[in-house]
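These notes are about the structure you will find just below.
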Amino acid sequence: MAQGVDDADASARRVLATPAARDGLAVGLATAAYGISFGALSVAAGLDVWQTCFLSLVMFTGGSQFALVGVLASGGVAAGGTAIATAALLGVRNVVYGMRMKPLVDTGGPWRRAAAAWVTIDESTAVALAQTDERQARVGFWVTGVAIFLGWNLTTLAGALIGDAIGDTRAWGLDAAAAAAFLGLLWPRLKRFQAGAVAVAAALVAVLATPVLMPGLPVLVAAVVAVLVGWFDLFGRSRER
Numbered sequence: 437m438a439q440g441v442d443d444a445d446a447s448a449r450r451v452l453a454t455p456a457a458r459d460g461l462a463v464g465l466a467t468a469a470y471g472i473s474f475g476a477l478s479v480a481a482g483l484d485v486w487q488t489c490f491l492s493l494v495m496f497t498g499g500s501q502f503a504l505v506g507v508l509a510s511g512g513v514a515a516g517g518t519a520i521a522t523a524a525l526l527g528v529r530n531v532v533y534g535m536r537m538k539p540l541v542d543t544g545g546p547w548r549r550a551a552a553a554w555v556t557i558d559e560s561t562a563v564a565l566a567q568t569d570e571r572q573a574r575v576g577f578w579v580t581g582v583a584i585f586l587g588w589n590l591t592t593l594a595g596a597l598i599g600d601a602i603g604d605t606r607a608w609g610l611d612a613a614a615a616a617a618f619l620g621l622l623w624p625r626l627k628r629f630q631a632g633a634v635a636v637a638a639a640l641v642a643v644l645a646t647p648v649l650m651p652g653l654p655v656l657v658a659a660v661v662a663v664l665v666g667w668f669d670l671f672g673r674s675r676e677r
């Protein structure tokens, strides 16, 4: 029995010593730090501590979560339907990640596959695809996904408690910070011409629609425009010519 435990410990140490695991842990720690911002911003948008924690536990996709609380912050309860629709639209990308990752993680029983679906996000997919062989890709996927899941939920709780203790978060400027935090998530992705063009098109539509549409709807319309421009690669193809 003791020998088996020792062998398992040694195997775990070998896995964690691999470059894929180190990459996953580094990405996990860096990404989890955003959870503090999300927790505080969610409370600022009107959710309580436990609603905020439940959102991170069940939704678990940072871009959609920031988008949801951002729309709620701008439109209040009246924008709830739009907030959910916007978050769902942004979350569609995880379906694409799931199709790409299925051959890699479709092993084990139903619980393992369900866990894999839960942690299929931007970062776990990116770390997995950056590896040179299938075994390292699988290690990178799981280490990144689990590290972010645990860290994100813990830091969400911490951020929500901080936001709750502050009280009137608008006095500290946190009501405007959701947009800034979401921009921080997007900024590294805007280096390519096509991505920048999608962002500019969506921002322009949002600015033009804000004076004439109900709170929350401009964000949803802008998201639809971004999806259409990105899906058909309009600016990318025109640039190639």
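Using my numbering, you'd call the opening residue of the sequence shown number 437 and step up by one each time.
Cβ coordinates follow ideal geometry from the N, Cα and C atoms, glycine included.
In this text the structure is predicted, and so the values were computed from the model without any measurement.
Between Gln572 and the rest of its own chain, which residues show a CB-CB distance below 6 Å, the 5 nearest in sequence each way excluded?
Ala456
Distance, Ala564 Cα to Leu593 Cα
28 Å
Do you know offhand how far Ala583's Cα is from Val494's?
16 Å
At the level of alpha carbons, what is the spacing between Ala468 and Val648?
37 Å
Around the C-beta of Val665, are 16 or more other C-beta atoms found within 10 angstroms, so that it is buried, or is it exposed?
buried
Throw me the rounded Cβ distance for the Ala523 and Ala503 pair, which I believe falls under 8 Å.
5 Å
Residue span of the alpha helix (DSSP H) that contains Asp459, given as start and end:
455-468
Decide if Phe577 is buried, meaning its Cβ has at least 16 other Cβ atoms within 10 Å, or exposed.
buried
Three-way DSSP call (helix, strand, coil) for Gly545 in this model
coil
C-alpha distance - Val575 paired with Ala466, whole-angstrom precision:
18 Å
Taking DSSP as the reference, what is the three-state secondary structure of Met537?
helix
Let me know the secondary structure DSSP gives Gln572 once reduced to three states.
helix
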